[in-house]
Each structure stands twice: as structure tokens, then as C-alpha cells.
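*Asks:* Mind having a look at this structure? Questions to follow.
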Amino acid sequence: MTDAVHGAAPSAARVSDAYRWTQLAIGVGAMVMIANYQYGWTFFVPDIQKKFGWDRASIQWAFTLFVLFETWLVPVEGWFVDKYGPKIVVLVGGILCGLGWAINAQATTLNGFYLGMIIAGIGAGGVYGTCVGNALKWFPDKRGLAAGITAAGFGAGSALTVAPIQAMIKDSGFQTTFLYFGLGQGIVIVILAFFLFAPKAGQVPAVVANANIIQTRRNYAPTEVIRHPIFWLMYFMFVIVGAGGLMVTANLKPIAADWKIDNVPVTLMAMTMTAVTFAATIDRVLNGLTRPFFGWISDMIGRENTMFIAFGMEGLGIWALYMWGQDPLWFVLLSGFVFFAWGEIYSLFPSTCTDTFGSKFATTNAGLLYTAKGTAALLVPVANYMQQGSGNWDSVFLIAAGANILASLLAIAVLKPWRKVVVAKAMT
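Quick note on numbering: the sequence shown equals residues 581 to 1008 in the working numbering.
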């Protein structure tokens, strides 16, 4: 069955570009508010460990559970968005985000932290999947850029709060910090939800057609997508690239502490901070910038060509961090490079998925692919156990670097020619 492209048969007047960019900006605002639920976690781990005495791997299961519930329920939340619109899902998501960290503020057991992060994960996933899916629908003519800008809110959204969160943890304790930041961020998400809308048919341009961007005009239902082998190739690539970045995200401070450089002052661009604070700040900024940057590049040279470049850079970056990261300055610079070469997966994979399977069910289908992040998160505790067993991070870094090189080769040698065949077949 071949559907007409979503939005091709006009039933509503075309909206202005200003209106489309406003919708994108609202989504970005909501993404900024959920960023700390993932990227701020690393700053709480040492104090949780110090207060309760649990081993680090056990504490990091809370992070893994957050990512699992943030990702694996996105297809369900996406189905609600595709059927009922984005507002209700983001509204509920904001409430759950605030509630999750409020539970963390009161938790005195591992299970308490696990519960708090599960609830926060469900809420953050609803917001994330909705905002990215909505961007893909509003911008069929600039999918890579739109998905990248939206994902940048999540990647860079915590940059400005790196120092305030660490300062509040130091001055008021991690429990007060969980409560105040959790509730504040959740309330802003709830407010933004009331201004978020999905496009009606005819309000947006048709899909683009050029030699580099391979886009289908067929809309695949989610049940068709999960039966298609090319979906599972993209899923595998997402997992192996995502795992390395999540490992660094969750363990940035513990890695720096193990290398005994976390509190060493580093001066760059006339600014001086401890190595871990400087690294975390730069990482957040670059992790945000990479998403629209590589999304924009992919709109011009193609998704797979961009994946080949970015994933190759990531593999080399992780290897270089392993080789030279025990120097405080190189730790800051190379961790920034790693985050820059990693964060683009959150613009490239959703846009590639929608290019391949159509925009009508974009939120659900991109959500199905986004569950790969949850699968990748299962490898974060494995990395901790490997480190505990060997006493160093060597094998973790080398495996992560190799996985990225493999993904870069798969993008250019397998995914690109295969997707051409799939899209051409759908058009006949």
C-alpha cells in the first residue's frame, strides 16, 4: 500500500516560516529543561556514594534505568502524539520529570533512586520523542537541521547549569539540589506544553528531492517498519555508537577521579576551572552544537556520508582520549571532541528514519529507533564492571573506539546503497 506523503494534499493554508520556527523554538525550550535529568546525573553520583556507601556500579543502574524508560516507551508516547497531538504528552512528561527528581530528593535506598529515575525517564522520554517528532513533521524540507536544533536543546541544555548544580550540591547537599532543579524544570515544561502544536495537512512544504537526500514518498506504518531489515541495521548502528557516548556521559567525573585529575585546575581562553567542571561545560556546548551542525551538513551531502565522517571522528576521539586523557588539559579538549563527534546521532538517525519511512508516523517510527539508546544504556553498567574487574578503563575505551569505526564503515558501505534500493522500490 502506497500512501500520499503527509501534508501533500492541502486541507489547510501553508503557515509562515516564522510560525514553523516558533514551534521549533518551543520544542527546543522543553528539551533544554529535560537535559539535566540525563547530563546532570554524573555530578550526584560521588555524593550519593559517599552518603550511603553503595558501590558505583549499583548506583549507575539508576542512570541505566532512566535511559531505558526514557527510550523504550517513546514509541508508545509517539503513538499518542501521532493520534492526539503533542500537548498532552509533553504536559504529562513535565509532571513526571518533576516528580522523579522529587523522589530522588527523599530516597534513602537504591530502589528509591531507581524508582525516581524511572519516573523521570518516562517523563523525559515523552518530551524528547514528542519534540523531535514534531520537528521532523514541521520541517520536511530541512529534516536534518530541524532534528539537530531540537536535539541540541537536550545536548547543550545543561551547559549553563553545570556550575550551579555542582555549587548547590556542595552548599546545600544533593537532595536539595534534586528537589529544586527537578521541580523547576518540570514546571517550565508544563507551561511550554500549552503552546505546542502539530502541523495540519497542507501547512508544511513537500519532501525535498535531490541527488544526496534519499526521501520516500510512502508512509510506512510502525508495524511495517519493525519488520523491515534496514530498520534493524540502523538500530544496530545506533546502539554501538550510542554506547560509547553514554559510557562517557555517565562516568565523566568517575573517570577523571580515577585518573586523579578531576580537581586539577585547567586554564583555557582566559578561564580557569577544575578539569571535570571545564570538561563538562565544554562537552555540553559541543554536544549541542554538533546536532544542528551535522544535521545541516547531512541536508547537503547526505545522511550516510555524514555518518561516515562523524562516526569515524568519534572512534578516533575516544582512542585519543584513552591515549592522552590523563593530562588535565587534554582531558578537557578530547572529551569535548568526543562529545562533538557523538551527539549528532540524535539528529542523523531520526532524519534518516523519516527519510526512509515517511512523515505521517514520524514520531512513532523515530521513537522505535530511539529505543536503541536504551539498549545502548544497558552497556553502561557493563563498562563499570569491566573497570572494576581490571582496575582501569583501557578495554572500555578500546571497544568503544572500535565500535564507532565499524559503524562509520557500515554507513557508507551497507546503509547507503541499501537505502537507495528500499526508497526506489517504495516509489514504484
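From the three backbone atoms N, C-alpha and C, an ideal C-beta is built for every residue, glycine too.
The structure displayed is predicted, hence computed values, not measured ones.
1) Are L776 and G633 touching if we call contact CB-CB under 8 Å?
2) For K750, does the count of other Cβ atoms within 10 angstroms reach 16, so buried, or fall short, so exposed?
3) Assign T857 to one of three DSSP states: helix, strand, or coil.
4) With DSSP as the reference, please indicate the residues paired to L848 in a beta bridge.
5) Candidates A747, T943, V1003, V784: which alpha carbon is nearest D597's?
6) Can you tell me where the alpha helix (DSSP H) holding A957 begins and where it ends?
7) May I ask which residues mark the beginning and end of the alpha helix (DSSP H) holding D662?
8) By the 10 Å Cβ neighbour count, where 16 or more other Cβ atoms means buried, how is V1001 classified, buried or exposed?
9) If contacts are defined as beta-carbon pairs under 8 Å, then F693 and A700 qualify, I think. What distance do you get, rounded to the angstrom?
10) Rounded to a whole number of angstroms, what is the C-alpha to C-alpha distance between A956 and M853?
11) Just reading off the alpha helix (DSSP H) that Q755 is part of, what are its end residues?
12) Determine, using beta carbons only, whether K953 and V625 come nearer to each other than 8 Å.
13) Run the CB neighbour count on A786, radius 10 Å, all protein chains shown included, and call it buried at 16 or more, exposed below.
14) I'd like the list of long-range same chain contacts for P961, defined as Cβ closer than 7 Å, with 5 residues on each side in sequence excluded.
15) If you scan the segment 800–852 from start to end, which runs of the beta strand (DSSP E) of 3 or more residues do you find wholly inside it?
16) What's the gap between the Cα of M827 and the Cα of R594?
17) Do you know offhand how far L772's Cα is from Y708's?
18) Between the C-alpha atoms of V844 and L913, what's the straight-line distance to the nearest angstrom?
19) Buried or exposed: where does D842 fall if 16 or more other Cβ atoms within 10 Å of its Cβ makes it buried?
20) In its own chain, which residues sit with a C-beta less than 6 Å from the C-beta of Y950, not counting the 5 before and 5 after it?
21) To the nearest angstrom, how far is it from the Cα of T934 to the Cα of D879?
22) Rounded to whole angstroms, what's the CA-CA distance from T757 to T936? Just pull it up for me.
23) DSSP on G785, reduced to helix/strand/coil?
24) My output table needs one value for T689: the three-state DSSP class, helix, strand or coil.
25) Would you mind stating whether F919 and N984 have Cβ atoms separated by less than 8 Å?
*Replies:* Let me spell this out:
1) Judged by their CB atoms, L776 and G633 are not nearer to each other than the 8 Å cut-off.
2) With fewer than 16 other Cβ atoms from the protein chains shown falling within 10 Å of its own Cβ, K750 counts as exposed.
3) Collapsing the DSSP output to three states places T857 in a helix.
4) Residue pairing of L848 in beta bridges, as defined by DSSP: M851.
5) Ranking A747, T943, V1003, V784 by Cα distance to D597 puts V784 first.
6) Note, A957: alpha helix (DSSP H), 942–957.
7) Boundaries of the alpha helix (DSSP H) harbouring D662: 654–664, taken from the DSSP string.
8) Burial call: exposed.
9) Distance from F693 to A700 at the Cβ level is roughly 10 Å; contact not present, criterion being Cβ atoms closer than 8 Å.
10) A direct Cα-Cα distance of roughly 31 Å separates A956 from M853.
11) It spans 754–773 - the alpha helix (DSSP H) in which Q755 sits, taken as one unbroken run.
12) No Cβ-Cβ contact shorter than 8 Å links K953 with V625.
13) By the neighbour-count rule (16 or more Cβ atoms within 10 Å), A786 is not buried but exposed.
14) The answer, listed in chain order, is A637, Q640, W641, T644.
15) Qualifying beta strand (DSSP E) stretches, in chain order: 845–848.
16) Between the C-alpha atoms of M827 and R594 there is a straight-line separation of about 44 Å.
17) If you take the alpha carbons of L772 and Y708, they lie about 13 Å apart.
18) Put simply, the backbone Cα of V844 is about 14 Å away from that of L913.
19) The residue is buried, with at least 16 neighbouring Cβ atoms inside 10 Å.
20) Excluding residues within five positions, the ones whose Cβ falls inside 6 Å are T651, V654.
21) Going from the Cα of T934 to the Cα of D879 covers about 13 Å.
22) Cα to Cα, the separation comes out at about 43 Å.
23) Per the sequence shown, residue 785 should be read as Pro rather than Gly. Reduced to three states, the DSSP call for P785 is coil.
24) In the three-state reduction of the DSSP assignment, T689 falls in the coil class, being assigned neither a helical nor a strand state.
25) At the C-beta level, F919 and N984 stay beyond 8 Å of one another.
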